[in-house]
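Right, one structure below, let's go through it.
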Amino acid sequence: MKQVITAKLKLHLSSEQKELLREVSLAYRDALNYSSEIAFTNGKVSSANKLQKLVYQDIRTKFGLPSQMSCNVPRQVAATYKGLWTKVKQNANHIQLGQTKKRYKGLDKPPKYASRTCNLNYKRDYSFVKQGVSLITLQGRIKVFYSGYNKHVELIKSGEGTVKFGGAKIYYARSNKTYYLLVSLELKIPDIEPDAINCVVGVDVGQRYHAVTTDTANQAHFYPGKQCNHKATRYQKVRKSLQQKGTRSAKKRLVSLSGKERRFVADRNHCLSKQIATPNTLIGLENLTNIRERTQPRKIGKKASTKQRKANHKQAKWSFAELHLFIDYKSVLNNSLAIKVDADYTSQACPHCGHTSRGNRPNKGLIFHCESCGFELHADLIGARNIAMRALLFRQDWESKGLLSAAPDGSSAEAKAARLSRFAEMRWTAAILPTSNQRL
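If you're matching positions, the sequence shown starts at 7 in my numbering and goes up one per residue.
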């Protein structure tokens with residue numbers, strides 16, 4: 007099994023080295039903007055090969071970039087245009103379905119690049135040497151000392167026998183005026199065997215509680231999202247005030263605020279995923295593909311009330327996919343495995359008697375009350391228990407058949423119906439109350 011991680015290395019530069027990196031990063035940025043304009047005037051081309059033929063010689067002569075960087079520039083620009091074309095097609099589809107009336111304007115003008123970053127290729131543009139890293143500049147190679155997370159540094163020093171070095175990126179942080187090198191590391195991890203798994207955990211994600219987990223030993227943990235939601239509300243108020251001002255300084259502050267909020271949410275998800283992805287565990291996650299399309303708000307825009315607008319904004323800021331991604335890669339590093347299970351009826355099915363009904367959760371509240379057997383418990387914990395049981399069923403199939411299906415979204419409707427039928431037969435037989443409760 008292979009797992010890719012990113013090592014963030016702080017570069018310790020002299021004043022001369024810092025100036026050399028400044029020159030190459032600015033030249034790279036100017037080449038990106040030049041290539042973006044050429045792509046725009048030539049039919050908004052998204053083919054890297056076509057764009058490279060148009061701009062390669064100009065990049066070499068006008069900006070003085072090395073050959074590999076001159077190839078990376080059109081590839082990066084083409085990838086940007088490809089993403090914009092995808093958004094244009096999605097927007098046209100949403101207009102046709104009546105989901106929006108606004109036309110996407112991302113391709114009305116050439117996209118501009120503002121950050122001082124450079125994409126590098128291993129050995130051609132950068133390589134690790136004794137006690138440092140060799141980086142390419144417009145004036146040749148320079149040797150730079152670096153520091154970073156101890157585990158990442160140890161992996162890098164272990165050499166290519168342990169890890170495979172991929173692409174890298176030079177990144178300039180304006181906040182502390184420091185250059186960083188972001189390096190892609192591919193790790194070879196032994197395949198996980200069913201016998202190595204000694205715990206099965208179900209994870210229910212949400213907005214009131216960012217995650218609720220329970221295992222088959224009935225140990226439950228609640229991770230409330232009150233602090234994160236409070237900060238999101240505060241950021242929204244500040245953003246609204248700055249948007250009303252509309253000054254140049256207000257726009258700069260908006261950009262800074264956006265990055266600050268994004269980093270805060272990412273840090274929160276990293277902390278949650280680190281606690282959830284324990285060693286030797288099979289982690290069940292809900293398959294929430296297309297959840298936003300399946301839960302469209304009743305009213306949007308000016309037609310919505312103030313309460314509905316707040317709910318819409320809260321849903322738009324829900325970062326469940328990022329949390330799932332972090333749990334997935336952290337579990338692999340801890341000799342664990344995260345799988346997706348069907349999310350259907352996890353909040354409506356009683357884990358004790360199997361009765362499934364919307365009435366089991368009146369008004370979608372915090373309390374689950376089974377209409378059939380009268381069992382009552384926290385609604386999010388009910389969801390986590392149902393997910394844990396479904397993950398346990400996958401583990402049983404894994405042990406008996408030697409195969410583990412972890413992609414329910416890619417199966418047919420008949421296969422999904424068969425799985426849901428098997429899920430409905432499962433019952434939770436552990437103690438009624440959780441044996442432990444953890445709050446952040």
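Cβ coordinates follow ideal geometry from the N, Cα and C atoms, glycine included.
In this text, all values refer to a predicted model and were calculated from it rather than measured experimentally.
Check                                                                                                                                    : Outcome
Leu141 vs Ala13 beta-carbon contact at 8 angstroms                                                                                       : no
Whole-angstrom distance between Tyr110 and Trp91, CA atom to CA atom                                                                     : 10 angstroms
Cα-Cα separation, Glu160 to Gly154                                                                                                       : 10 angstroms
Ranges of the alpha helix (DSSP H) found wholly within the stretch 128-208, counting only runs of at least 4                             : 156-164
Anticipated Cβ contact below 8 angstroms, Glu382 with Val347, distance rounded                                                           : That pair is no contact at about 24 angstroms.
Cβ pair Cys234, Val271 closer than 8 angstroms                                                                                           : yes
Asn125 (DSSP reduced to helix, strand or coil)                                                                                           : strand
Inter-residue Cα distance where the pair is Ile388 and His276                                                                            : 25 angstroms
Ala449 in three-state terms, based on DSSP                                                                                               : What is shown of the chain runs 7 to 446, which leaves residue 449 out entirely.
Contacts around Leu60, its chain only, beta-carbon distance under 7 angstroms, and the 5 residues preceding and following it disregarded : Ile44 and Asn48
Simplified DSSP state of Ile438, which is helix, strand or coil                                                                          : Reliability of the predicted coordinates at Ile438 is poor, the pLDDT of 44 falling under 50, and the value obtained from them is presented with this limitation in mind. Ile438: coil per DSSP, three-state reduction.
Pairwise C-alpha distance: Gly365 and Tyr186                                                                                             : 54 angstroms
4 or more residues per run - each alpha helix (DSSP H) lying fully within the stretch 50-127                                             : 54-64 and 73-102
Close Cβ partners of Asn39 (< 7 angstroms) along its chain, the five nearest in sequence each way excluded                               : Lys118 and Tyr119
Residue(s) in a DSSP beta bridge with His384                                                                                             : Ile373
Ala174 burial status per 10 Å Cβ neighbour count (16 or more: buried)                                                                    : buried
Integer Cβ distance of Ala85 from Val206, believed to fall under 8 angstroms                                                             : Wrong, their Cβ atoms sit about 39 angstroms apart, outside the cutoff.
Test item: CB-CB of Leu263 and Ala256 under 8 angstroms                                                                                  : no
Under the three-state DSSP convention, the category Gln281 falls into                                                                    : helix
Under the three-state DSSP convention, the category Thr352 falls into                                                                    : coil
For His18, three-class secondary structure by DSSP                                                                                       : strand
Residue of Ser363, His384, Lys68 and Asn369 minimising C-alpha distance to Ser378                                                        : Ser363
The stretch 322-336 in contact with the stretch 395-406 per 3-pair CB rule at 8 angstroms                                                : no
Segment limits, alpha helix (DSSP H) that includes Glu420                                                                                : Ala419 to Ala430
For His236, the residue or residues it bridges with in DSSP                                                                              : Note: His236 sits in no beta bridge, so no partner.
Proximity of Ser337 and Ala283 at Cβ, strictly below 8 angstroms                                                                         : yes
Limits of the alpha helix (DSSP H) - the one that Leu331 falls within                                                                    : Phe326 to Leu339
First and last residue of the uninterrupted beta strand (DSSP E) at Leu291                                                               : Thr287 to Asn293
Pro357, DSSP secondary structure in three states                                                                                         : coil
Minimum C-alpha distance to Gly70 - residue among Asp350, Thr143 and Lys183                                                              : Thr143
Closest by C-alpha distance to Tyr178, when choosing among Lys194, Ala202, Asp131 and Asn125                                             : Asn125
Reduced DSSP secondary structure (H/G/I, E/B, other) of Ala256                                                                           : helix
Endpoints, beta strand (DSSP E) assigned at Pro230                                                                                       : Ala226 to Pro230
Beta-carbon proximity list for Asp197, same chain, < 7 angstroms, skipping 5 on both sides                                               : Met7
Local Cβ density within 10 Å of Leu103, reported as buried at 16 or more and exposed below that                                          : exposed
Cβ shell of Tyr62 (< 6 angstroms), same chain only, five flanking positions each side left out                                           : Ser76
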